[in-house]
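In this note's numbering, the protein residues as written are 1 to 325. Note that CB positions come from ideal geometry on N, CA and C, so glycine has one too.
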């Protein structure tokens, strides 16, 4: 019996099934929500993508025809499944105390937070992992919206197949989806070729704030709540910003700091697994992948100097390890 068939057996009555992903959802989280929701619908289950916050127009374009439930409209008596979310603190605060039926995730987690988990951190993305599960369950790649959602998740979480998490299996999954009818250029157009002038202005502001530390090995940029007001944009429009400074010749780690009166959110990226930024994020209670991690804390807990020092230590440790070989 497959994992998904076992999961379906858990849904023994006619209660709705809500598919949840992490706060500030990215393409992999949203793609996972869409794909699993539509897949469960095929078995007559009343499944919904639970939307806890506003999404960009690019992501909303993939939700056409997909059952969606707003956070304020969900039923109390329901089943809950989390995707691309290895920690209960990553979902919206209103959803953290719920009892989840299952978690499907590709992040490395210290211990499962629900009884039924499918965790495979060697997969490039949660959508790659879901495709494995669907195929094991007998899926024939015959639903275009599911296929497009899966491809979107794989594409975005691998940085368009440029990150170190890409494996042979990643390309095999992409090939299967393309052979089934996915048109990569259309996915790329939807995701990356629909920016507004205001979004470009926000990006220009981000670049103006960019500063280099430790001989250029660490890049830091900051935005605050007023910057979104000035440019008529929202936090969702910064997706991908943190990756750009890694294109600088000397930069090993990129830091993106977002501040507002109530909390500080930090995104971390590195060019190579020898610089494990997830270990840095963990110092502030964060989590993520080796080369892509983050954390959120109160303004009083945050120290940019301490963060730069931790990243510099991470780079130094890598160099010292390399010199011992």
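Have a look at residue 127 and residue 150 and give me their C-alpha separation to the nearest angstrom. Rounded to whole angstroms, the gap between the alpha carbons of residue 127 and residue 150 is 5 Å.
Burial state of residue 106, where buried means 16 or more other Cβ atoms lie within 10 Å: A buried status is given to residue 106, since no fewer than 16 other beta-carbon atoms sit within 10 Å of its beta-carbon.
Give every residue of the same chain whose Cβ lies closer than 6 Å to the Cβ of residue 102, excluding the five residues on either side of it in the sequence, and list them in chain order. Here the set comprises 7, 81 and 116.
Beta-carbon within less than 8 Å of residue 217's beta-carbon, same chain only, minus the 5 sequence neighbours each way: which residues are those? Counting only Cβ-Cβ distances below 8 Å, and skipping sequence neighbours, we find 250, 251, 252, 253, 312 and 315.
On the three-state DSSP scale, how would you describe residue 344? In the structure as shown, the chain begins at 1 and stops at 325. Residue 344 is therefore absent and cannot be evaluated.
Identity of the residue in 79, 35 and 118 nearest residue 2 by Cα: Of 79, 35 and 118, the smallest CA-CA separation from residue 2 is found for 118.
Name the residue from 184, 279 and 307 whose alpha carbon lies nearest to the alpha carbon of residue 318. The shortest Cα separation from residue 318 among 184, 279 and 307 belongs to 279.
Inter-stretch contact at 8 Å, needing at least 3 Cβ pairs: the segment 184-201 / the segment 227-237: Touching, per the Cβ criterion.
DSSP three-state assignment for residue 204, whether helix, strand or coil: Looking at residue 204 - three-state DSSP - the assignment turns out to be helix.
Run through the segment 176-230 for me and flag every whole alpha helix (DSSP H) of 4 or more residues, listed as ranges in chain order. Complete alpha helix (DSSP H) runs here, min 4: 184-192 and 197-208.
Residue 125 and residue 57: beta carbons closer than 7 Å? No, Cβ-Cβ distance for residue 125 and residue 57 is not below 7 Å.
Option nearest residue 133 by Cα separation, candidates 40, 212 and 271: Looking at the Cα atoms, 40 is the closest of the given residues.
Spatial neighbours of residue 286 in its chain, beta-carbon cut-off 7 Å, leaving aside the 5 residues before and after: So the qualifying residues of the chain are 293, 294 and 295.
Taking 7 Å as the threshold (C-beta atoms), are residue 177 and residue 147 in contact? The Cβ atoms of residue 147 and residue 177 lie closer than 7 Å to each other.
Figure out for me which residue from 268, 96, 155 and 284 has the closest Cα to the Cα of residue 185. Its Cα nearest to that of residue 185, the residue 155 stands out among 268, 96, 155 and 284.
For residue 163 and residue 172, I'd like the C-alpha separation in whole angstroms. Approximately 16 Å, taken between the alpha carbons.
Please return the same chain residues whose Cβ sits closer than 7 Å to the Cβ of residue 100, not counting the five positions on each side in sequence. Excluding residues up to 5 positions away in sequence, 80, 81, 82 and 114 lie with their Cβ nearer than 7 Å to the Cβ of residue 100 in the same chain.
Look up residue 253 in the DSSP assignment and give the residues it is bridged to. 218 and 270, per the DSSP bridge assignment.
Please list the terminal residues of the continuous alpha helix (DSSP H) segment that includes residue 59. From DSSP, the alpha helix (DSSP H) with residue 59 extends over 57-60.
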